[in-house]
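Q: Take this structure first; my questions come after.
Okay, structure coming up:
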């Protein structure tokens, strides 16, 4: 089920973001890869983040049923061409981190991915890097 959900997330984001990004794919450690191709940004990466499993009481069978809530992470990566602000805000030619975050939220919040999941609820949005230098380029995530 985890793989199905992740593939559905990737499909939804790929279709919705179109040419705003170079790629939407599963996160497989790209940020740790010394050969990360910064020129192929912006990108959106998804990953399974874990599950919360809670017992559900149902009459005499209390403790025998469980509710599973899966968490997925969506990473938004952009490259800053001119400045920190330009990388976050973008302009008419280049999408910024903030614009891409808003687009991802718009595409995913309350979606059921074709009935595969309950309506998606965001847990949080946070910055990993602002203008971090990677291969003499500035990266925001």
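In the UniProt record's numbering, the protein residues as written are 1 to 141. For every residue, glycine included, the Cβ atom is placed at its ideal position computed from N, Cα and C.
(1) Under 8 Å between the Cβ atoms of residue 107 and residue 75?
(2) Return the first residue and the last residue of the alpha helix (DSSP H) that residue 3 is part of.
(3) Which of the three DSSP states, helix, strand or coil, is assigned to residue 75?
(4) Counting only the same chain and skipping the five closest in sequence on each side, list residues whose C-beta sits under 6 Å from that of residue 47.
(5) Could you give the first and the last residue of the continuous beta strand (DSSP E) run that contains residue 45?
(6) Give the secondary structure of residue 37 by DSSP, where H, G and I count as helix, E and B as strand, and everything else as coil.
(7) Give the secondary structure of residue 102 by DSSP, where H, G and I count as helix, E and B as strand, and everything else as coil.
A: The answer reads as follows:
(1) Here residue 107 corresponds to residue number 107 of the chain shown, with the count starting at 1. Here residue 75 corresponds to residue number 75 of the chain shown, with the count starting at 1. No, Cβ-Cβ distance for residue 107 and residue 75 is not below 8 Å.
(2) Within the chain shown, residue 3 is the residue found at index 3, counting from 1. Looking at the DSSP string, the run of the alpha helix (DSSP H) that includes residue 3 is 2–17.
(3) For the purposes of this step, residue 75 is taken as the residue at position 75 of the chain shown. Reduced to three states, the DSSP call for residue 75 is strand.
(4) Within the chain shown, residue 47 is the residue found at index 47, counting from 1. Once the five neighbours on either side are set aside, the close Cβ partners of residue 47 are 27 and 73.
(5) Position 45 of the chain shown, counted from the start, is the residue given in the question as residue 45. Counting along the chain, the beta strand (DSSP E) containing residue 45 begins and ends at 43–56.
(6) Here the question's residue 37 lines up with position 37 in the chain shown. It is coil, neither helix nor strand.
(7) Working through the chain shown from its first residue, we reach residue 102 at position 102. It is helical.
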